[in-house]
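Structure, as structure tokens:
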């Protein structure tokens, strides 16, 4: 049986093949070793950066807490501001009601004054036609009324009442304008607060994303 007989040529060929295989494995091992060394250097760099990353993460956490506290305080201030606006609306409504009442009172007093002027004029005319200082006259509803010099005093009192009412009207009108200005200012403040909250929420979202990315890096480093 000569099928498996060894010859010098066959041995040399097998040795050459074995050397080629070993060289290939050796090169692969070198490549893997270089890759491992490179990865180790990267890991060392990450580990050196780890304290800085942790510090940065802590700073971002504190910044987020502060921003959230600011949003909470701003929200509380907005609620207080809205309560003030509601109170201002109530006061404005009361002032407007008071102004309407004053207008009606002034109108009623003016009607009375016009009526007294008419009655006094008639009394003065009748007095010249009659020596009696007190005259009897039938009113529209059929009742008897008496007119004398006291009517002129009543007219003066009505004038004074109207003057006081007009002064009070001016004061209330001024207060209404002041409340309106204050209301507009409060609404403006609320809009600014809403913009501040929106901006802070954008900042917090950005910081949360940074924190998330850092945590991913830290998890990767700890795994390695």
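Residue numbers (this note's numbering): 65 to 288.
Positions of the beta carbon are idealized from the N, C-alpha and C atoms, including for glycine.
Since we're looking at a predicted model, the values are computed, not measured.
- Judged by pairs of C-beta atoms under 8 Å, the stretch 262-278 touches the stretch 116-133, as three or more such pairs exist.
- Straight-line spacing of the CA atoms in residue 166 and residue 136 works out to 45 Å.
- Closest option to residue 237, judged by alpha-carbon separation, among 259, 161, 261 and 173: 161.
- Using a Cβ-Cβ distance cut-off of 8 Å, the stretch 140-158 and the stretch 243-254 are in contact, since at least three pairs of beta carbons, one from each stretch, lie closer than that value.
- Excluding residues up to 5 positions away in sequence, 236 lie with their Cβ nearer than 6 Å to the Cβ of residue 163 in the same chain.
- Straight across, the Cα-Cα distance linking residue 103 with residue 255 is about 53 Å.
- For the options 173, 257, 98 and 158, the alpha carbon positioned closest to that of residue 239 is the one of 158.
- Considering only 230, 267, 244 and 266, the residue with the shortest C-alpha distance to residue 151 is 244.
- Around the Cβ of residue 173, a 10 Å sphere holds 16 or more other Cβ atoms; the residue is buried.
- At least 9 Å separates the beta-carbon of residue 261 from that of residue 169.
- Close CB contacts of residue 117 within its chain, under the 6 Å cut and outside five residues either way in sequence, are with 278 (chain order).
- Contact check for residue 132 and residue 268: beta-carbon distance about 7 Å, within the 8 Å limit, so the pair qualifies.
- One Cα belongs to residue 233, the other to residue 154, and the distance between them is close to 19 Å.
- The C-alpha of residue 271 lies about 43 Å from the C-alpha of residue 94.
- Residue 264 is positioned such that its CB atom lies closer than 9 Å to that of residue 134.
- Counting only residues of its own chain and dropping the five nearest sequence neighbours on each side, residue 128 has a CB closer than 8 Å to the CB of 268, 271, 272 and 275.
- Sequence-distant Cβ neighbours of residue 99 in its own chain, meaning closer than 6 Å and more than five residues away, do not exist here.
- Between the alpha carbons of residue 108 and residue 77 lies a distance of about 46 Å.
- A check of alpha carbon separations from residue 175 across 156, 130 and 225 identifies 225 as the nearest.
- Distance from the CA of residue 120 to the CA of residue 89, rounded to the nearest whole angstrom, comes to 45 Å.
- In terms of CA proximity to residue 241, 156 leads the group 156, 81, 280 and 266.
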